[in-house]
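K.L.:
In this note's numbering, the protein residues as written are 107 to 397. Every residue gets a Cβ at the ideal spot worked out from N, C-alpha and C, and that includes glycine.
(1) I think residue 303 touches residue 142, with their Cβ atoms under 8 Å apart; what is that distance to the nearest whole Å?
(2) With DSSP as the reference, label residue 383 as helix, strand or coil.
(3) Output the distance between the C-alpha atoms of residue 261 and residue 315, rounded to the nearest integer angstrom.
(4) Where does the unbroken alpha helix (DSSP H) through residue 233 begin, and where does it stop?
(5) Quick one: measure Cβ to Cβ for residue 327 and residue 308, integer angstroms, because I've assumed they're closer than 8 Å.
(6) Our contact map puts residue 221 next to residue 188 with C-beta atoms below 8 Å; I'd like the distance itself, whole angstroms only.
(7) What do you reckon, are the CB atoms on residue 216 and residue 292 nearer than 8 Å?
(8) For the beta strand (DSSP E) that residue 177 lies in, which residues bound it at each end?
(9) If I measure Cβ to Cβ from residue 283 and keep anything under 6 Å in the same chain, skipping five residues before and after, which residues do I get?
(10) So does residue 112 have its beta carbon nearer than 7 Å to some heavy atom of the ligand GTP?
(11) Helix, strand or coil, according to DSSP, for residue 188 in the structure here?
(12) Determine the direct distance from the alpha carbon of residue 346 to that of residue 339, and round the result to whole angstroms.
(13) Sort 321, 157, 202, 323 by Cα distance to residue 172 and report the nearest one.
(14) Report the three-state DSSP secondary structure of residue 283 (helix, strand or coil).
(15) Any idea if residue 137 is buried or exposed, counting beta-carbon neighbours within 10 angstroms, 16 or more meaning buried?
(16) Using the C-alpha atoms, what's the distance from residue 396 back to residue 110?
(17) So what does DSSP say about residue 354, is it helix, strand or coil?
(18) Between the Cα of residue 175 and those of 162, 169, 181, spot the shortest distance and give me the residue it belongs to.
(19) Roughly how many angstroms lie between the CA atoms of residue 341 and residue 230, to the nearest whole one?
(20) Under DSSP, the beta strand (DSSP E) around residue 73 begins and ends at which residues?
(21) Using the Cβ count rule (16 or more neighbours within 10 Å means buried), how would you classify residue 139?
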């Protein structure tokens, strides 16, 4: 079984109006090469579910999104993603704004094929008032009222990992796999870009197999794109590109805006993009962040 694909083949399987989940966390391990492929496409009217970073900002700036379901959109050292800020402040984007815990519960409900998960999280807050799709339910076991976080069902999930094989076994060897396993299981189809495509024997060693967080049957397609998370990080291979993020963020205040950034970095192929940022060797030399 060979699940390898190209990034263009992945995007060809996506359709206008889909609900798409993007894994990673802020500026960490985002499938940015797949996002760039969407930016080059004609896809529109998407609903996006994300613990957001530049993936959200770029898709907002390019007019690809109709709705965003999110807990935050941040570049970490740049607290608020600049193009997301513009879309949010202009009111051009429909949103479901929740907290990190509720987003996890929504993905988990979809992964477990449940319509919702009851929780105390969000009770008595504006989360309920501002999100009419979130309902309250009575417990059948006591007289308490619970928030019913609805399942966040995904038509497709886009993820990035450091190692994968052609059968769809995916490994995350960084210190945190975030919610990528829930994104993978919540989706009808899961497409994964990887920095290194390895032989299946790589996973025979217990120390490698223990870093596999979802079943290979869940993976629909694997795209080999070394450096494909840039400018976000892919720990332990490389950190996020602070100078590039600063340049990207500064473009939001320039007259040319996102179009200027896109003209410089996004108009060509992925190879053109990587050449413009210094090449794969430069990406691999980016230091890991220290906390």
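P.N.:
Let me lay it out:
(1) Actually they are not in contact, since the Cβ atoms of residue 303 and residue 142 sit about 19 Å apart, beyond 8 Å.
(2) Of the three classes helix, strand and coil, the one that applies to residue 383 here is coil, per DSSP.
(3) Our two residues, residue 261 and residue 315, have alpha carbons roughly 28 Å apart in a direct line.
(4) Residues 232 to 236.
(5) For residue 327 against residue 308, the beta-carbon gap comes to about 19 Å, at or over 8 Å, which does not count as contact.
(6) Rounded, the Cβ-Cβ distance is 36 Å, inconsistent with contact.
(7) Residue 292 is positioned such that its CB atom lies closer than 8 Å to that of residue 216.
(8) Element bounds for residue 177: 171 to 179.
(9) Scanning its chain for C-beta atoms nearer than 6 Å, with the 5 sequence neighbours on each side dropped, one finds around residue 283 the residues 319, in chain order.
(10) The model on display carries no ligand, and the ligand GTP is accordingly not part of it.
(11) Helix.
(12) Each residue's Cα considered, the two are about 4 Å apart.
(13) Nearest to residue 172 by alpha-carbon distance, out of 321, 157, 202, 323, is 202.
(14) Coil at residue 283, not helix or strand.
(15) When all chains shown are included, residue 137 counts as buried.
(16) Taking the straight line joining both Cα atoms gives about 34 Å.
(17) DSSP places residue 354 in the helix class (H, G or I) of the three-state scheme.
(18) Distances from the alpha-carbon of residue 175 to those of 162, 169, 181 put 162 closest.
(19) Approximately 38 Å, taken between the alpha carbons.
(20) Residue 73 is absent from the model: the chain starts at 107 and stops at 397.
(21) Burial call: buried.
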